[in-house]
Amino acid sequence: MKERGLPHPGAKVLHVAPEKCIREKITAMPRVDYVIGDKHEPGYTYPSGTMELDITNMEFPDKHFDLIICSHVLEHVDDDRRAMRELVRVLAPGGSAILIVPMGTKAETYEDPSITDPGERLRHFGQFDHVRIYGLDFPQRLEEAGFQVEELAFADRFSSEETFRYGLRRGELMHIGTHPTV
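Counting in the working numbering, the sequence shown runs from 602 upward without gaps.
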């Protein structure tokens, strides 16, 4: 984010399922309109000011946010394609969406909506509340939703200690989705 000058003063930022370390940095920035939202699930606690947010049907105006941060969220969303289209809709032209998901090594995303049991989801998708494992087609899915996509191997920029501290893996990709300005 810092390399791209984001978020700039006056920016409108949407942070979905906000990570504490990022939330604290953005909250400390002057003149940033920072909105945090999450799907409120029973048994979880949320930071003060976290709005209840369904990313498949957001009540924000079109082209509203300059920056969207959505890390490790889409693999939990039943209709991820609809969520991706909504993220494009609320992203301002020239804006950026930081999109990070756990990815497997297969060409195509593996999903099966009939798998609803938490134990079976753990077995199939690696976590009890995931509904898919993204494949190498993830950037294509983002493009089909309307994003222009850039891939960055961001985890490789950190030391071994930092990758461990932040729960990153070497080679893990960050996808930057931009809103087409045309």
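Glycine included, every Cβ here is placed at the ideal spot set by N, Cα and C.
Item                                                                                                : Value
contact_flag[the stretch 661-671, the stretch 607-619] where n(CB pairs < 8 angstroms) is 3 or more : yes
Residue burial classification, R642 (beta-carbon count within 10 angstroms, cutoff 16)              : Looking at the sequence itself, residue 642 is Glu, so the reference to Arg does not match. Per the 10 Å Cβ criterion, exposed.
Those residues which DSSP pairs with A698 across a bridge                                           : I669, G778
Between the CA atoms of V678 and T717 - distance to the nearest angstrom                            : 13 angstroms
Proximity below 9 angstroms, CB of G778 to CB of L675                                               : no
Contact check, G747 vs R686, beta carbons under 9 angstroms                                         : yes
C-beta contact flag for H609 and A698 at 9 angstroms                                                : no
Short CB-CB distance (under 9 angstroms) between P643 and chain B                                   : In the displayed structure, chain B is absent; only one protein chain is listed.
Pair within 9 angstroms by beta-carbon distance, R771 and T764                                      : yes
Inter-residue CB distance, P719 and F729 (contact presumed, cutoff 8 angstroms)                     : 4 angstroms
Three-state secondary structure assigned by DSSP to L769                                            : coil
Coarse secondary structure for I623, derived from DSSP in three states                              : helix
Cβ-Cβ separation, L737 to A693 (assumed contact under 8 angstroms), whole Å                         : Not confirmed; about 29 angstroms, so no contact.
Local conformation of H616 per DSSP, three classes                                                  : strand
Exposure label - D681; buried when at least 16 CB within 10 Å                                       : buried
Coarse secondary structure for L723, derived from DSSP in three states                              : helix
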